[in-house]
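**Q** Going by the working numbering, the letters in the sequence shown line up with residues 194 to 692, in that order. Just so it is clear, CB atoms sit at the ideal spot from N, CA and C, and this is done for glycine as well.
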Amino acid sequence: MNASLDRSLGLIPNLDQFLGSDLPVTSPVDGSVLATLRIDTAAEIDAKIAKSQEAFHAWREVPGPIRGELVRRYGEKLRSVKEELARLVTLECGKILEEGRGEVQEMIDICDFAVGLSRQLYGLTIASERPNHIMQENWLPLGPVGIISAFNFPVAVWAWNSALGLVCGDSCLWKPSEKTPLTALACQALLEDVIKDFPQAPAGLSQVIIGALDAGKQLVDDPRVPLISATGSTRMGKDVGQRVAARFGRSLLELGGNNAMIITPSADLGIAIPSILFGAVGTAGQRCTSTRRVIVHRSLFDQVYNTLATAYGQIWESKIGSPLESTTLVGPLIDEAAFDLMQAAIERIRPVAAEVLGGERVDRPGVYVRPALVKLSADSRLIDNETFAPLTYVIPYDTLEEALAIHNAVPQGLSSAIMTTDVREAEYFKRHSDCGIANVNIGTSGAEIGGAFGGEKETGGGRESGSDSWKAYMRRQTSTTYFGYQRPALAQGIRFDID
Ligand code: UN1
194 MNASLDRSLG
204 LIPNLDQFLG
214 SDLPVTSPVD
224 GSVLATLRID
234 TAAEIDAKIA
244 KSQEAFHAWR
254 EVPGPIRGEL
264 VRRYGEKLRS
274 VKEELARLVT
284 LECGKILEEG
294 RGEVQEMIDI
304 CDFAVGLSRQ
314 LYGLTIASER
324 PNHIMQENWL
334 PLGPVGIISA
344 FNFPVAVWAW
354 NSALGLVCGD
364 SCLWKPSEKT
374 PLTALACQAL
384 LEDVIKDFPQ
394 APAGLSQVII
404 GALDAGKQLV
414 DDPRVPLISA
424 TGSTRMGKDV
434 GQRVAARFGR
444 SLLELGGNNA
454 MIITPSADLG
464 IAIPSILFGA
474 VGTAGQRCTS
484 TRRVIVHRSL
494 FDQVYNTLAT
504 AYGQIWESKI
514 GSPLESTTLV
524 GPLIDEAAFD
534 LMQAAIERIR
544 PVAAEVLGGE
554 RVDRPGVYVR
564 PALVKLSADS
574 RLIDNETFAP
584 LTYVIPYDTL
594 EEALAIHNAV
604 PQGLSSAIMT
614 TDVREAEYFK
624 RHSDCGIANV
634 NIGTSGAEIG
644 GAFGGEKETG
654 GGRESGSDSW
664 KAYMRRQTST
674 TYFGYQRPAL
684 AQGIRFDID
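(1) Kindly indicate the opening and closing residues of the beta strand (DSSP E) around Gln685.
(2) Where does the unbroken beta strand (DSSP E) through Glu330 begin, and where does it stop?
(3) Between the beta-carbon of Val418 and the beta-carbon of Ile242, is there less than 8 Å?
(4) The beta strand (DSSP E) with Ser696 in it runs from where to where?
(5) Is it right to say Ala571 is buried, meaning 16 or more other beta carbons lie within 10 angstroms of its own, or is it exposed?
(6) Could you give the residue range of the beta strand (DSSP E) that holds Arg428?
(7) Could you check how far apart the C-beta atoms of Val338 and Asn451 are, in whole angstroms? I think they sit under 8 Å.
(8) Taking the alpha carbon of Ile687 as the reference point, which residue from Leu517, Glu322, Val226 and Gln670 has its own alpha carbon closest?
(9) Suppose the cutoff is 6 Å on Cβ atoms and the five residues either side in sequence are ignored; what does the same chain contact list for Pro369 look like?
(10) Exposed or buried, Gly478, counting other C-beta atoms within 10 Å across all chains shown (16 or more means buried)?
(11) Look at the alpha carbon of Asp305 and the alpha carbon of Asp591, and state the distance between them as a whole number of angstroms.
(12) Taking only runs of the alpha helix (DSSP H) that begin and end inside the segment 223 to 290, which ones reach a length of at least 4 residues, in chain order?
(13) Output the distance between the C-alpha atoms of Gly358 and Val549, rounded to the nearest integer angstrom.
(14) Strictly by DSSP, which residues pair up with Leu446?
(15) Say whether the segment 347 to 361 touches the segment 288 to 304, bearing in mind that this needs 3 or more beta-carbon pairs closer than 8 Å, one atom from each stretch.
(16) Alpha carbons only, please: which of Ile599, Glu579, Thr580 and Glu594 is nearest the one belonging to Ile588?
(17) How is Ala394 classed by DSSP in three states: helix, strand or coil?
(18) Leaving out five residues on either side along the sequence, give the residues of the same chain with a beta carbon under 6 Å from the beta carbon of Asp363.
(19) Shorter than 7 Å, the distance from the beta carbon of Glu579 to the closest heavy atom of ligand 1, or not?
(20) Assuming contact is defined by CB atoms lying nearer than 8 Å, are Ala356 and Ala307 in contact in what I supplied?
(21) At the level of alpha carbons, what is the spacing between Lys664 and Trp332?
(22) Looking at Gln400 and Ser245, is the spacing between their C-beta atoms short of 8 Å?
(23) Identify every run of the alpha helix (DSSP H) within the segment 586 to 639, keeping only runs that are complete inside it and at least 4 residues long; order them along the chain.
(24) Thinking C-alpha only, which one of Gly643, Leu566, Asp661 and Leu607 is nearest Tyr498?
(25) Contact between the segment 646 to 665 and the segment 439 to 448: three or more CB pairs below 8 Å?
(26) With a threshold of 8 Å, are at least 3 pairs of Cβ atoms found where one atom belongs to the segment 406 to 418 and the other to the segment 610 to 619?
(27) Around the Cβ of Gly559, are there at least 16 other Cβ atoms within 10 angstroms (buried) or fewer (exposed)?
(28) In three-state DSSP terms, what is Ile341?
(29) For Leu550, report the span of its beta strand (DSSP E) as first-last.
(30) Distance check for Arg436 and Thr580, CA to CA, integer angstroms please.
(31) Within 7 Å: the Cβ of Thr585 and any heavy atom of ligand 2?
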């Protein structure tokens, strides 16, 4: 690991200036300490916010397409270091290298998307009821954007926010998960390298805040930060949403999922089974889009369950291991706490489960676990919590209406999928799934950046990444202009004459 560690930490040439004794960063690959960092003091965070505001005032004056050029160069930079950054992602958060590469690719993709967007920040022209008037909608830069990101997508989700924020004319303040600060410092160093040859970019345009809960709260509570975009647990999001609302700020929340896939009698199992496996055990079940529930028509239930059980057996046999090995499909959990939560969820469901497969600890340094599969004979409210681990429940259903009722019964509403070759079932599903994402013959995880990403209910309602998500990073202004010569008419036909 040492040679690859050197290569990856080489992405942070100024690492020394962040070292200290506050925050040990351990690699889930083998539990070793990668570095120990100093955390920002409250005064330092305050100064960063002030600097961010100053940077915003300069950056908003730079034309959108020029802002896009900075993001274009950043995307190029990422292309040139893709392998090293992917490796650092793997070392720090434990996802397999192939998925680390995918994550960096997701950053590159959103940069490309944002570059195009920098010339398409369109408003509207609206018909006025009054003669010689024109109404317009203008989209203007918003201010410093506070980005709070989770360990499981330590770089891509930041890139969704900052690539859009930067082209929209905002400055960015990033509070990464305290479990993955090194990838953040690497992304920051790469951006600074691009910025040094970009005179229009002000100092402090993008900054990283190293810290834990207190640092996040300080950012969230500061009225100089008009938008807080937070990714993480529902518990965290509830606190963030309420705090931001208390100061009339705007929050963009992307919180927990409890994603399900429905397997109908017409499903092509050659498509369904690999999709379940990637969704359930990929990223060791640590995506917000991971497949937590598989709702299977009773006619196929045994076949699907048994096929999955066999595949899980193969995974336990030879596919769990170091995420740096190319044959590994399931790497480690992030930490011991994740393992404990998985065990607690298994013990909670065990009394009502028809069968529980897997869930045992794998004997090697780090927190490695056998993905678990739970056979249920009926839906249960015991599975309402999101367990951020490879733990998947298989539940039978009889009618599609019942399947959707089971599907929608959980408090979260992020991602959903149906496996069907019947267009009527597919359309029924799309209309009745209560999630922000509803896929047909595609798994619940692994969305492309082009669509808006996020979900309903306890998932928080935010939309990031593609489509018109950029609007969250700007403020909307309605402007009415009168271009006539007479005294202008009042709206609603009101007369207000003094002579
Ligand atoms: C997350 O887990 O927070 O759709 C984001 C996906 C990825 C993003 C996941 N593109 O699975």
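**A** With the structure as the only source:
(1) No beta strand (DSSP E) contains Gln685, which DSSP labels as neither H nor E.
(2) His326 to Pro334
(3) yes
(4) What the structure shows of the chain is the stretch from 194 to 692, and residue 696 is not part of that stretch, so it cannot be assessed.
(5) exposed
(6) No beta strand (DSSP E) contains Arg428, which is instead part of the alpha helix (DSSP H) from Thr427 to Ala439.
(7) That pair is no contact at about 28 Å.
(8) Glu322
(9) Ser342 and Ala377
(10) buried
(11) 45 Å
(12) 235 to 252, 257 to 273 and 275 to 286
(13) Rounded to the nearest angstrom, the two C-alpha atoms are 45 Å apart.
(14) Ala423
(15) yes
(16) Ile599
(17) coil
(18) Residues Pro334, Leu335, Val338 and Tyr666 of the same chain have their beta carbon placed closer than 6 Å to that of Asp363, with the five preceding and five following residues left out of the count.
(19) no
(20) Going by C-beta atoms, Ala356 is nearer than 8 Å to Ala307.
(21) 8 Å
(22) yes
(23) 593 to 601 and 616 to 625
(24) Leu566
(25) yes
(26) no
(27) buried
(28) strand
(29) Run containing Leu550: Glu548 to Leu550, per the beta strand (DSSP E) assignment.
(30) 25 Å
(31) The ligand content of the structure shown is limited to ligand 1, which means ligand 2 is not among them.
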